[in-house]
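Down below is the structure, laid out as structure tokens.
In this note's numbering, the protein residues as written are 45 to 684.
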């Protein structure tokens, strides 16, 4: 029936349903005919069949609306989802709201499900659809089981109580359940005496609204003594992690892959900031390398290492020994200035050396010549964490938007932070014991400033100030840049593997939608090609020719493994030079500390010192900067 049914008509229909359900319960479903229902309700056959196509339709009527709600919910695009937890809560509360308006009918159905196979089948169909839809966003079956049990248990408890409020019960039970799902172990709630915000407040400015700036602001928004403004020059938050939709495809300017998520800073953030998101691991058995026209299994673990053709048996034994030494943190690599220095003194075969170079290329998104410049200590620490991880490569389901939306929401919910979009900071000076920030439209004073933007932009902003000389060691830092070739296909053209790395041309193609199904319309496929770029050119013409060659190589790789992709391309985005990291982590560059001697500011971002590489360094340095400011205000309060 139409959702726009008049109230009087809906009332007649509900009376007919309630009468029928009562008869099913007292006489048995199989023993009640349509004619019996018509006689009991004093209506005509035409009226009955106007409302219901059959006797079974009475049973399914209540469930049909629920199924529609679930189907609409699962189709929500990632950019509309503020948080995984909030998205799931919305579904359960909407389902409860539907039932809440018909308590007698629902209670009759619950009782009837114990007697009638027809009712039980409809109920099971709804529960199956609910579980499968939840798995779309949260691929963790044990958590889905808990959520569905909570939902069915709440409905049954409500049915056994008179005058109970289903929405209140559902809200309370969801709150308790999420508290348990978020906690690694049971713990009592922290109780803190309230302190007036107006008594002692520190004003903080964060310049840059990328992952680092949002993370720092989210941490600081928990402190009642801090008020702040986050300045972002562009029209949207997220920086290089900005997410947008086109033709049903969700695209990221920055790949949302997380390396070693179980040992990653984002796992700490999930607990500390009460984030809710889900992730899915790339299938290691479907990751391959291509070399000299041959495809072989990528040596990502012991099983794949035994299968790969990249190394012979002796080389495999050698490589396994090196991995074991890195896991045990006793590998000599950590004592060498660069990978090149280590390889020069290593007696390993050339194939083993090439594999080391290629692994560093893949994880640091750099060319072999740059891979050889990475510090041995950096490589050793990175792979120590990665080899110990039980989840080497995961994608955040729904893309970076699921994280950035929650960080923004946390800031807004605090009521203490302003988000200033399309408002870049043009200058900064110190006066009257405060930092004065000047934008195009206003001037504002702050007690503390966090720079959450590329170090190259920091140097430019502080040019001509007293702090400029202290940034000289970081002024010549170069960025990590790659070619990004994204294609959204209207249909799956091929799925021979989830990731192929071309060792000859130093590029790869990832079938992102094979892992993160939330990013594509039904039946679609999202492929992302990445080429590692050299930045050493004598002139512009040489650079342009090089990029054209890389584009041709990338398209050939698509042609070879995804034939027909050109004919079904719905969305295409090519960035011939996209920044992956603002500072390439090689020996000739110097990562910026979160605090620099003689400079009164904090710094964070992927160009700063911190744990891990790429996005993790942005998260970890932002967390450190926020902790530093929090400690400062605590010390200040102790002396008041």
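Even for Gly, the Cβ is constructed at its ideal location relative to N, Cα and C.
{"Query": "Contact set for residue 462: own chain, Cβ-Cβ below 8 Å, skip 5 residues either direction", "Result": "272, 273, 274"}
{"Query": "N-terminal and C-terminal residue of the beta strand (DSSP E) that residue 429 is part of", "Result": "Residue 429 -> not in any beta strand (DSSP E); alpha helix (DSSP H) instead, spanning 420 to 432."}
{"Query": "C-beta contact flag for residue 102 and residue 92 at 7 Å", "Result": "no"}
{"Query": "Test item: CB-CB of residue 249 and residue 481 under 7 Å", "Result": "yes"}
{"Query": "Backbone CA spacing between residue 244 and residue 669 [nearest angstrom]", "Result": "20 Å"}
{"Query": "One or two residues paired with residue 616 in a DSSP bridge", "Result": "531"}
{"Query": "DSSP bridge partner residues for residue 572 (one or two, in chain order)", "Result": "530, 554"}
{"Query": "Where residue 492 sits in the DSSP three-state scheme", "Result": "strand"}
{"Query": "Whole-angstrom distance between residue 194 and residue 221, CA atom to CA atom", "Result": "8 Å"}
{"Query": "Bounding residues of the alpha helix (DSSP H) (the contiguous stretch that carries residue 407)", "Result": "394 to 408"}
{"Query": "Terminal residues of the beta strand (DSSP E) in which residue 458 lies", "Result": "Unbroken run through residue 458 is the alpha helix (DSSP H), 445 to 458; no beta strand (DSSP E)."}
{"Query": "Check whether residue 555 and residue 571 have beta carbons under 7 Å apart", "Result": "yes"}
{"Query": "For residue 449 and residue 38, the rounded distance between their alpha carbons", "Result": "As displayed, the chain neither begins before 45 nor continues past 684, which places residue 38 out of reach and without an answer."}
{"Query": "Cα-Cα separation, residue 111 to residue 150", "Result": "15 Å"}
{"Query": "DSSP three-state assignment for residue 291, whether helix, strand or coil", "Result": "coil"}
{"Query": "The region 321 to 328 in contact with the region 646 to 664 per 3-pair CB rule at 8 Å", "Result": "no"}
{"Query": "Three-way DSSP call (helix, strand, coil) for residue 486 in this model", "Result": "coil"}
{"Query": "Where residue 171 falls: helix, strand or coil (DSSP)", "Result": "helix"}
{"Query": "At least 3 beta-carbon pairs within less than 8 Å: the region 428 to 439 vs the region 638 to 646", "Result": "no"}
{"Query": "Beta strand (DSSP E) segment containing residue 438, residue limits", "Result": "437 to 440"}
{"Query": "Sufficient close CB pairs (3 or more, under 8 Å) joining the region 418 to 427 to the region 366 to 383", "Result": "yes"}
{"Query": "Sub-7 Å separation of residue 296 and residue 443 beta-carbons", "Result": "yes"}
{"Query": "At least 3 beta-carbon pairs within less than 8 Å: the region 612 to 622 vs the region 522 to 531", "Result": "yes"}
{"Query": "Runs of beta strand (DSSP E) wholly within the region 602 to 652 (minimum 3 residues, chain order)", "Result": "613 to 625"}
{"Query": "Simplified DSSP assignment, three categories, for residue 467", "Result": "coil"}
{"Query": "With 16 other Cβ atoms within 10 Å as the buried cut-off, status of residue 491", "Result": "buried"}
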